[in-house]
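A.B. asks:
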Amino acid sequence: MTWLITGGAGYIGAHVVRAMAEAGERTVVYDDLSTGIAERLPEDVPLVVGSVLDGEKVARVLAEHEVTGVVHLAAKKQVGESVDRPLHYYHENVEGLRILLQAVTEARVPSFVFSSSAAVYGMPDVELVTEETPCVPMSPYGETKLAGEWLVRATGRATGLATASLRYFNVAGAARPELADVGVYNLVPMVFEKLTENAPPRIFGADYPTPDGTTIRDYIHVVDLAEAHVAAARALQAEPGRTLTLNIGRGEGVSVREMIDRINTVTGYDLPPAVTARRPGDPARVVASADRITTELGWKAKHDVHDMITSAWSGWLRLHPEADRG
Ligand SMILES: NC(=O)c1ccc[n+]([C@@H]2O[C@H](COP(=O)([O-])OP(=O)(O)OC[C@H]3O[C@@H](n4cnc5c(N)ncnc54)[C@H](O)[C@@H]3O)[C@@H](O)[C@H]2O)c1
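1 is the number of the first residue of the sequence shown in the UniProt record's numbering; add one for each residue after it.
1. Looking at the structure shown, is Asn93 part of a helix, part of a strand, or coil, going by DSSP?
2. Looking at Ile293 and Leu246, is the spacing between their C-beta atoms short of 7 Å?
3. Scan the region 123 to 199 and note each continuous alpha helix (DSSP H) run of 4 residues or more that stays entirely inside, going in chain order.
4. Is Ser34 close to ligand 1? I mean its beta-carbon at under 6 Å from any heavy atom of the ligand.
5. Below 7 Å CB to CB, which residues in the same chain sit around Arg98 once its five sequence neighbours on both sides are set aside?
6. What beta strand (DSSP E) runs, 3 residues minimum, are completely inside the UniProt domain "Ketoreductase" (1 to 132)?
7. Going by C-alpha to C-alpha distance, which of Leu271, Val61, Glu252 and Thr210 sits closest to Val305?
8. Using the Cα positions of Gly142 and Arg85, report the straight-line distance between them to the nearest angstrom.
9. Following a CB-centred definition, is Gly268 positioned closer than 6 Å to any heavy atom of ligand 3?
10. Output the distance between the C-alpha atoms of Arg153 and Leu271, rounded to the nearest integer angstrom.
11. Can you tell me which of the three DSSP states Val305 falls into?
12. Cα-Cα, which of Tyr30, Ile12 and Val222 is closest to Thr6?
13. When the Cα atoms are used, what is the spatial distance from Val94 to Val79?
14. Classify Val275 as helix, strand or coil using the three-state DSSP reduction.
15. Using a 10 Å radius around the Cβ and a threshold of 16 neighbouring Cβ atoms, would you call Met308 buried or exposed?
16. For the alpha helix (DSSP H) holding Thr267, just list the boundary residues, first then last.
17. In whole angstroms, what separates the C-alpha of Glu22 from that of Ala231?
18. So Val109 and Val67 are in contact, right, with Cβ under 8 Å, and what is the actual spacing, rounded?
19. Cα-Cα, which of Ala284, Thr243, Thr155 and Arg157 is closest to Pro209?
20. Is any heavy atom in ligand 1 found nearer than 6 Å to the beta carbon of Val171?
21. Relative to the C-alpha of Val83, which candidate in Asp291, Thr310 and Pro280 has its C-alpha closest?
22. For Thr245, which of helix, strand or coil comes out of DSSP?
23. Is Asp31 near ligand 1 - that is, is its Cβ less than 6 Å away from at least one heavy atom of it?
24. Considering Cα atoms alone, identify which of Pro273, Ile263, Lys302 and Trp299 is closest to Trp316.
25. Mapping the DSSP letters down to three states, classify Val230 as helix, strand or coil.
26. Grouping DSSP H, G and I as helix and E and B as strand, with all else coil, what is Ala284?
27. DSSP three-state call for Arg318: helix, strand or coil?
28. Considering Cα atoms alone, identify which of Ala238, Val286, Gly205 and Thr310 is closest to residue 330.
Structure follows, in structure tokens:
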């Protein structure tokens, strides 16, 4: 088996490459390095620099490396940017996927794992979000992920391609400092950035209908997430034509205020947060039911929020040593 990992030089992709290697799977990375970092990859993993929008190049790589499965992580992922640049997001995330699927089906590659997101659910009004909770995305980014799932599933039905759409909840942490997320788009790095400036971390709205008034999310360690990809890849390989749609979360809600408290404790800072206005489109609570993935794949998260914060902080300090409080 050789797995093509698109977006493999990215934050999550590099962890998937590492988990695949640890599980004894061969991989080849296909990445345009628009946000990826080649140095994240082990030396023995081939990297082909190219865009999924280049179907001929993808087809060549599938043939040359005798690829037998694809994990497709390559995408643009910034919700705010997607509101300003919807055409760019649809082009990269939906057209890019269509072109990739065309090459994959023509090459008769049998298995395809797709990076989806909890953003497909939008503002779910439920205690635990199951895979049956209606999908009403609130941003062009979320729409491209939902459209991507439709495209993947329809292609599977028409061609027999085995597919898994994995809906990640809030990803955090790192396996090693050099694999950490370098973007500042999620809560954990956003708080780190404020602490580094010696400024109070921000809470967007403390008047939500939650116990402490701040929004609640489900955080998943990137190492656990990567292992879920290995489990999904193996399940597709074992059962040709299988179709899976799975939440990847821990089923445990943590509020923004709790996260900031825990981050202060881990980092040695003591900056009380400043409350500002709500951000439009932020749901009060988004917590996964992670039952289906356990039933289907036997996967369960092993790492807790403390592991996520400590490993993410080590990665942050590598790039921002001035933030270290010893
Ligand atoms: N990070 C999260 O919290 C999160 C949550 C839910 C879903 N996701 C999804 O997970 C996937 C990976 O996200 P990430 O956080 O690792 O982001 P990332 O930006 O670090 O990784 C994306 C990778 O894809 C590459 N890429 C982008 N467009 C490409 C193209 N057209 N052709 C080839 N390569 C391309 C980039 O260079 C980068 O290496 C994305 O599909 C994202 O939407 C991420």
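In this text, a Cβ means the ideal position worked out from N, Cα and C, and glycines have one as well.
C.D. replies: Quick look at the numbers:
1. helix
2. yes
3. 140 to 159 and 187 to 196
4. yes
5. Leu151
6. 2 to 6, 26 to 31, 47 to 49, 69 to 72 and 111 to 117
7. Glu252
8. 13 Å
9. Ligands in the displayed structure: ligand 1; ligand 3 is not one of them.
10. 47 Å
11. helix
12. Tyr30
13. Val94 and Val79 have their C-alpha atoms spaced approximately 15 Å apart.
14. Collapsing the DSSP output to three states places Val275 in a strand.
15. buried
16. Per DSSP, the continuous alpha helix (DSSP H) segment holding Thr267 begins and ends at Val256 to Thr267.
17. Answer to the nearest angstrom: the Cα atoms are 12 Å apart.
18. The pair is a contact, with the Cβ atoms about 6 Å apart (cut-off 8 Å).
19. Ala284
20. For Val171, the CB falls within less than 6 Å of some heavy atom of ligand 1.
21. Pro280
22. strand
23. yes
24. Ile263
25. helix
26. coil
27. helix
28. Here the chain has residues from 1 to 326 only, and residue 330 is not among them.
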